[in-house]
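Report on one structure; see the data block that follows.
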Amino acid sequence: MRNLLKSEFRKVIYTKSFYGYLVGAIFLALLASFPAAYSIHALKSQLNGASLMDPQLVAGVYGKAISGYLFTMILGIALIGNEYQSGQIVSTFLATPQRLKVLCAKLVVAACAGIFIMVISTLVGFGGAYLGLSQYPHAKAGLTIFLNLLLAAVISGAVISIMGVAIGALIRNVKVAQVGAIIWLFVVEKLIVVFWATGGKFLPSGLIVGMLNVHIDLKSNESFLNISTTNFFGVGASIALMLAYATVFASIGSWITLRRDVD
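Count the sequence shown with my numbering and you get residues 5 to 267, in order.
Next up, the structure:
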């Protein structure tokens, strides 16, 4: 198993795409976190309660630093999907006939790589949020925000990468799987979390907000623009549900890998 893990780690760190995913995650984290404080300040006349005097809104600004998780799913998809698409998976299974061992190694490596990407991008994003908030000296944040952010980065990096591996095993066209993941995570899921909090709190994006322990309730003159996370799960429940996602998707990936023929 040790040699298998080493082999999978080499496949990750010796490919340029891994560093591309890292740069992409950092870019998204900065893009979301740096202007967040200014956006809230600019919209305070349209959203009742939108003030950087509110510690929860300040926590929400720092929470934008975790936005790079999209690239951990793309990484997970590529980790197994590229091998299926290129046919390299055949030689991998010939070298290690126990397919479950191969998948376990890929899941472990994907989780570790996802954690690395998320921790680095989140720290950079946190710096971006800090710079953005430096223009508003009344905006204060405590140590808890930073600790929750790091915890959410680690859990989301591992879980969403594992989900990516399962999706890559299910959909063998890497581009289709990755584009689908981008549309779901970056568009559909975010819209559900913002506009349908009751259902959105069960989705990974909603659970990440729960791990950050951010409870915001902003009202607008237009009801469809209301933003509320007050009924989202707490830190413990959000972590438990994220781990449940990891377990379910890892089981799906195992079932598919063990039963599907390879070309």
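All C-beta atoms in this analysis are idealised placements derived from N, C-alpha and C, irrespective of residue type, glycine included. Note that the structure is predicted; figures quoted are calculated from it, not measured.
> So Trp200 is in the alpha helix (DSSP H); what residue range does that whole segment cover?
Replying inline: Unbroken run through Trp200: none, as it is neither H nor E.
> From this set, Ala109, Leu137, Ile93 and Gln89, which residue's C-alpha is nearest Ser37's C-alpha?
Replying inline: Leu137
> On the three-state DSSP scale, how would you describe Ile175?
Replying inline: coil
>> Less than 6 Å between C-beta atoms, sequence neighbours within five positions excluded: which residues of the same chain meet that for Ile175?
In response: Ala181
> Apart from the five residues on each side of it in sequence, which residues of its chain come closer than 7 Å, Cβ to Cβ, to Lys105?
Replying inline: Met5 and Leu8
> From Ala173 to Ile186, what does the alpha carbon distance come to, in whole angstroms?
Replying inline: 17 Å
> How would you call Asn217, buried or exposed, if buried means at least 16 neighbouring beta carbons within 10 angstroms?
Replying inline: buried
> Hey, Ser71 and Ala33 are a contact pair by Cβ (cut 8 Å); roughly how many whole angstroms apart?
Replying inline: 5 Å
> At a cut of 8 Å, does the region 107-117 reach the region 125-132 through at least three beta carbon pairs?
Replying inline: Cβ pair count under 8 Å is below three, so no.
> Which residue from Gly210, Tyr140 and Phe75 puts its Cα closest to that of Ser242?
Replying inline: Gly210
> Between the beta-carbon of Ser165 and the beta-carbon of Gly80, is there less than 9 Å?
Replying inline: yes
>> Please report the straight-line C-alpha distance between Lys179 and Val163, rounded to a whole angstrom.
In response: 21 Å
> Count the other CB atoms within 10 Å of the CB of Ala29; is the residue buried (16 or more) or exposed (fewer)?
Replying inline: By the 10 Å Cβ count, Ala29 comes out buried.
> Ordered along the chain, which non-local residues of its own chain (more than five positions away) have a Cβ less than 8 Å from that of Ala145?
Replying inline: Cβ within range, chain order: Pro59, Val62, Ala63, Tyr66 and Leu137.
> Beta carbon of His219, beta carbon of Phe236: below 9 Å?
Replying inline: Going by C-beta atoms, His219 is nearer than 9 Å to Phe236.
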